[in-house]
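Q: Take a look at the following structure, please.
In our numbering, the protein residues as written are 25 to 382.
Laid out in structure tokens, this is it:
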């Protein structure tokens, strides 16, 4: 008799990601040792100069102790030995609740009991930039980046589910963001494809069921039910209201919207990258007439890239900022400079668009 369907589903999702990582790992350039000195026989020199296969990759799981990440950790612990992959874990202590350090220690113990090694607990200080949710996310990813680099990990697995994806799409829609925001979370993201999300096609209930049938203890973060947080309100009030009004299947439809939007956004980003070189003059300045001739979606992507290159923080650069800069191209009436985040200024000068630090 095979495993419970929920357990089989999470293991299959993780297995697919691990296979992808192994394929990438074996494609990586192998180390080639120096040939032995001439006094060694030619056959020895030949053997010693052959490529040495890379060591097995290390994959870390980011685990909060919640159902999604515990299910992910259990699947990683089960699948990785069969594929010859080393598996470890990281839990991040945000320090936002009393006893958070003790809970982090419990998570470390649970991960070690699953057979993961190495396992880290990293305490972070959460700032205020962008609000509590964004600040906690920034601190968490910074800690995960540091842990991955310290251990030389090939990837970090994240437990985001299809439900998380649907919430992310709705949040982007509520902000009036562009198609990139509506594309939600990518299955592969981060520098060099560091972050992998195996569960984006699975619902939250599947992960919780997998924990239950495996008798895995889970911790339900009270912040996830706190109406002070936007995502929590959306999860417990917004999505249920949509399903009541529109019927079941809203989560699946939103996740599908994310996939389709990502394909479109990727294509437009590629177009903008190719078009950018054609709208700059010999000195590298953007030519307004050539920008005007481009489709708005392509032009605004070029403007956003130029603003970020000049020092505007990507996370603080919103659609309204780019629309104001775009009006220097499409609605030129002699208006003054546009102030952007990061003390970046955009202004039109002699038919050229100048974006630089103010």
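Using N, Cα and C, we set each Cβ at its ideal position, and we do this for glycine too.
Should residue 25 go down as buried or exposed, given a rule of 16 or more other Cβ atoms within 10 Å for buried?
A: With fewer than 16 other Cβ atoms within 10 Å, it is exposed.
Q: Considering only the beta carbon of each residue, do residue 34 and residue 135 sit closer than 9 Å?
A: Result no, Cβ atoms of residue 34 and residue 135 do not sit closer than 9 Å.
Q: Can you confirm whether the region 234-253 touches the region 100-108 when touching is taken to mean that 3 or more C-beta pairs between the two stretches lie within less than 8 Å?
A: Output reads no: the region 234-253 does not touch the region 100-108.
Q: Just to confirm, are residue 91 and residue 186 a CB contact at a threshold of 9 Å?
A: No.
Q: Where does residue 363 fall in DSSP's three states?
A: Residue state, collapsed to three classes: strand.
Q: Taking Cβ to Cβ, would you say residue 193 is nearer than 9 Å to residue 285?
A: Yes, the pair counts as a contact, with Cβ atoms nearer than the cut-off.
Q: Within the continuous beta strand (DSSP E) that includes residue 95, where are the two ends?
A: From DSSP, residue 95 is part of no beta strand (DSSP E) but of the alpha helix (DSSP H) over 91-107.
Q: In whole angstroms, what separates the C-alpha of residue 157 from that of residue 181?
A: Taking the straight line from one Cα to the other gives about 20 Å.
Q: Among the residues of its own chain, which have a CB less than 6 Å from the CB of residue 282, if the five just before and after it don't count?
A: Around residue 282: 189, 193, 207 and 208.
Q: What are the start and end residues of each continuous beta strand (DSSP E) run of 3 or more residues lying completely inside the region 287-315, in chain order?
A: Qualifying beta strand (DSSP E) stretches: none in this window.
Q: Can you give the Cα-Cα distance for residue 160 and residue 118, rounded to whole angstroms?
A: Going by the C-alpha atoms only, they are around 7 Å apart.
Q: Thinking C-alpha only, which one of 311, 214 and 184 is nearest residue 166?
A: Closest by alpha carbon: 214.
Q: Using the beta-carbon count (16 or more within 10 Å), is residue 297 buried or exposed?
A: Flag for residue 297 reads exposed.
Q: Per DSSP, what are the beta-bridge partners of residue 146 in this structure?
A: According to DSSP, residue 146 bridges with 116.
Q: How would you write the range of the alpha helix (DSSP H) that residue 126 sits in, first residue to last?
A: Here the alpha helix (DSSP H) through residue 126 covers 124-137.
Q: Rounded to the nearest angstrom, what separates residue 199 and residue 273 at their Cα positions?
A: C-alpha separation (whole angstroms): 23 Å.
Q: Which of helix, strand or coil does DSSP assign to residue 82?
A: If DSSP states are grouped into helix, strand and coil, residue 82 belongs with the strands.
Q: If you follow the alpha helix (DSSP H) that residue 31 is part of, which residue opens it and which one closes it?
A: Per DSSP, residue 31 belongs to the alpha helix (DSSP H) from 29-51.
Q: Could you name the residues that DSSP lists as bridge partners for residue 180?
A: BP columns for residue 180 point to 84 and 219.
Q: Taking the beta carbon of residue 259 as the centre, do at least 16 other beta carbons fall within 10 Å, making it buried, or is it exposed?
A: Result: buried.
Q: For residue 228, is the classification buried or exposed, using 16 other Cβ atoms within 10 angstroms of its Cβ as the cut-off for buried?
A: By the neighbour-count rule (16 or more Cβ atoms within 10 Å), residue 228 is buried.
Q: To the nearest whole angstrom, what separates the beta carbons of residue 349 and residue 331, a pair I think is in contact under 8 Å?
A: Going by Cβ atoms, the distance from residue 349 to residue 331 rounds to 7 Å, so yes, they are a contact pair.
Q: Measuring only the C-alpha atoms, how far is residue 49 from residue 381?
A: Rounded to whole angstroms, residue 49 to residue 381 spans 41 Å at the Cα level.
Q: Within a Cβ cutoff of 7 Å, which residues of the same chain sit near residue 31, ignoring the five residues on either side of it in sequence?
A: Once the five neighbours on either side are set aside, the close Cβ partners of residue 31 are 234, 237 and 238.
Q: Could you say which of 120, 316 and 217 lies nearest to residue 377 if we only look at CA atoms?
A: The residue with the shortest Cα to Cα distance from residue 377 is 316.
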